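Residue numbers (my numbering): 24 to 215. Just so it is clear, CB atoms sit at the ideal spot from N, CA and C, and this is done for glycine as well. Everything numeric in this text was worked out from a predicted model, so none of it was measured. Remarks on the structure that follows.
What follows is the structure, encoded as structure tokens:
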């Protein structure tokens, strides 16, 4: 699976103020792909997904929350009354109302009429800038062990007695604290 493109190897290289070798570029691409998957899992959402067809919501409540918000457009909403029944096209502003595209909220007027609702929609096709920066920082932090193996984890050293002190805090956190705070803001509670 290739990276979706939340950030590029050039973004990471620029952040580190380095020019990557081909091996470092390959490692960076693998870390970007892994970090994208981790971010999608952490936030319970995704970016750059393309059009979503048939997102199913069973026993729908009045307010539906689409998984991949923010949403550019809702193209179709259908509902069925029970298992084995035909899907019925729901009419905008008559059967449902799009309340908030940014939050991915759709309001059903009579949710008890359906046991399942299917929604076709197109998410916004841009990754927020602060999230891109957070991903760049996470990937850069994970590359440090290979970029500077001699000083990775070095906390301090002093002269003339030459005291070298290594810290373990850099390996105890999964991601830098500033990146974690950005990712936490995008955490999206969705029942799947």
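Query	Result
What residue range is occupied by the uninterrupted alpha helix (DSSP H) comprising residue 165?	152-170
Using the C-alpha atoms, what's the distance from residue 90 back to residue 137?	19 Å
Using a threshold of 8 Å, state whether the C-beta atoms of residue 131 and residue 81 are closer than that.	no
Name the DSSP bridge partner or partners of residue 111?	102
Taking Cβ positions, are residue 98 and residue 113 nearer each other than 8 Å?	no
Between residue 111 and residue 145, what straight-line distance do the alpha-carbon atoms span, to the nearest angstrom?	21 Å
For residue 59, tell me which candidate among 49, 41, 27, 74 has the shortest Cα-Cα distance.	27
Measuring only the C-alpha atoms, how far is residue 155 from residue 72?	16 Å
Rank 119, 70, 108, 127 by C-alpha distance to the C-alpha of residue 88 and give the top, closest one.	127
For residue 106, count neighbouring Cβ atoms within 10 angstroms of its own Cβ and tell me buried if that reaches 16, exposed if not.	exposed
On the premise that residue 43 lies in contact with residue 36, defined as a C-beta separation below 8 Å, what is that separation, rounded to the nearest angstrom?	5 Å
Terminal residues of the continuous beta strand (DSSP E) containing residue 141?	139-146
Please report how far the alpha carbon of residue 92 lies from the alpha carbon of residue 74, in whole angstroms.	12 Å
Quick check on residue 54: does DSSP put it in helix, strand or coil?	helix
Going by alpha carbons, who is nearest to residue 69 out of 166, 164, 202, 151?	151
Would the beta-carbon of residue 160 fall within 8 Å of that of residue 197?	no
Are there 16 or more other CB atoms within 10 angstroms of the CB of residue 104, so buried, or fewer, so exposed?	exposed
Shortest alpha-carbon distance to residue 204 belongs to which of 120, 165, 57, 62?	62
From residue 217 to residue 67, what does the alpha carbon distance come to, in whole angstroms?	Examination of residue 217 is not possible in this model, given that the chain is present from 24 through 215 alone.
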